[in-house]
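Step one of this worksheet: look at the structure below.
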Amino acid sequence: MKQTTTYYDLLEVSRHADLVEITTSYLRISRELSSGNSPLGAAEAEFQLKLVKHAYEVLSSPSRRSDYDAGLTTRGIVAGGADQSLHIEVAMEPTKWSPIRRLLTVIAGLMIFGMVVQISAVFMAYQRASAQGGGDPASPAAEKIYLQEFFQTYRIRAASRAEADLLLADMKRKEQAERDESQQKRLLEQQEREQRRFEEESRRLGAEVSANLQRAEREAERAKEEEVRRKEEAERRAKEDELARRQREIDRFRGRSFSSGE
């Protein structure tokens, strides 16, 4: 898998991107990785999605992002420093399977084993029938033994070997159809669960982004009010100082006038 330098590269944004850009990019990338149409393998896409989610959790938090940026600066990873040492190195395990894939593999293996046991029993019956029938599988004795073994294995009585073969072929076809249907149903249920998780995560992130924006607006409004208050306080003090200065001049003038009158 391609190496990634920083969390900004994982989310495909610049180091100066704001929260809206980071969130938009995260939602786009996570949607692509969760859609099932990613060129990556299922396990690799799942692992990449975890990395992208962790990158968003860090960069969407002002304090954690500040600490992370400080760490990048310490490591010398800055814009234009492509020759610096990598901060993140991701290595995928090519044989890593998801839990659902391992479960499907086990189920398929058990089904195949059961079919092998059944087919082996019929084949052994065929061998015994051939031996008892003088090596001729079409002999009445061989067919009788074959049909008896068929009944003991499947609990179905067939009138002839040809009918038993047709029944066996039909059972195999139905078993395969049931397995295919069951597997398709499990895959659809898995996709629906993943879609629901993605929608819930999108709603949660949307609410978080909205709350962050509202908090930023409130902080900006408080800062603006504080600036106005400081300005008004400065103007009030300036007026008081001016009045005090004028009063002192008036007092000095009156003092001089009183001295002249005496």
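Numbering-wise (the numbering used here), the sequence shown opens with residue 3 and increments by one.
All C-beta atoms in this analysis are idealised placements derived from N, C-alpha and C, irrespective of residue type, glycine included.
Here the structure is a predicted model, which means the values were calculated and not measured.
Report the three-state DSSP secondary structure of residue i (helix, strand or coil).
{"i": "D20", "result": "coil"}
{"i": "T75", "result": "helix"}
{"i": "A240", "result": "helix"}
{"i": "K98", "result": "Confidence in K98 is poor, its pLDDT being 49 and thus under 50, which makes the residue's placement too unreliable to answer from."}
{"i": "R157", "result": "coil"}
{"i": "G38", "result": "coil"}
{"i": "V15", "result": "coil"}
{"i": "D85", "result": "Caution is warranted here: a pLDDT of 40 is assigned to D85, below 50, making its placement in the model unreliable, and no coordinate value can be reported."}
{"i": "T8", "result": "coil"}
{"i": "G43", "result": "coil"}
{"i": "A68", "result": "A small fix is needed here, since residue 68 is Ser in this sequence, not Ala. The answer is helix: DSSP assigns S68 an H, G or I state."}
{"i": "S212", "result": "helix"}
{"i": "S32", "result": "helix"}
{"i": "S27", "result": "helix"}
{"i": "S63", "result": "coil"}
{"i": "S204", "result": "helix"}
With 16 as the cutoff for other CB atoms within 10 Å, does residue i come out buried or exposed?
{"i": "F255", "result": "exposed"}
{"i": "F152", "result": "buried"}
{"i": "S68", "result": "exposed"}
{"i": "Q50", "result": "buried"}
{"i": "S27", "result": "buried"}
{"i": "L268", "result": "Shown here, the chain extends from 3 to 264; a query on residue 268 therefore has no answer."}
{"i": "V15", "result": "buried"}
{"i": "A179", "result": "exposed"}
{"i": "L168", "result": "exposed"}
{"i": "A240", "result": "exposed"}
{"i": "A47", "result": "buried"}
{"i": "L303", "result": "What the structure shows of the chain is the stretch from 3 to 264, and residue 303 is not part of that stretch, so it cannot be assessed."}
{"i": "E215", "result": "Reading off the sequence, residue 215 comes out as Leu, not Glu. With fewer than 16 Cβ atoms within 10 Å of its Cβ, L215 is classed as exposed."}
{"i": "T76", "result": "exposed"}
With three or more beta-carbon pairs closer than 8 Å as the criterion, would you say the segment 200-213 touches the segment 9-27?
yes
Decide if the segment 26-40 is in contact with the segment 50-58; the criterion is three or more beta carbon pairs, one per stretch, under 8 Å apart.
yes
Meets three-Cβ-pair contact criterion under 8 Å: the segment 143-150 and the segment 163-173
yes
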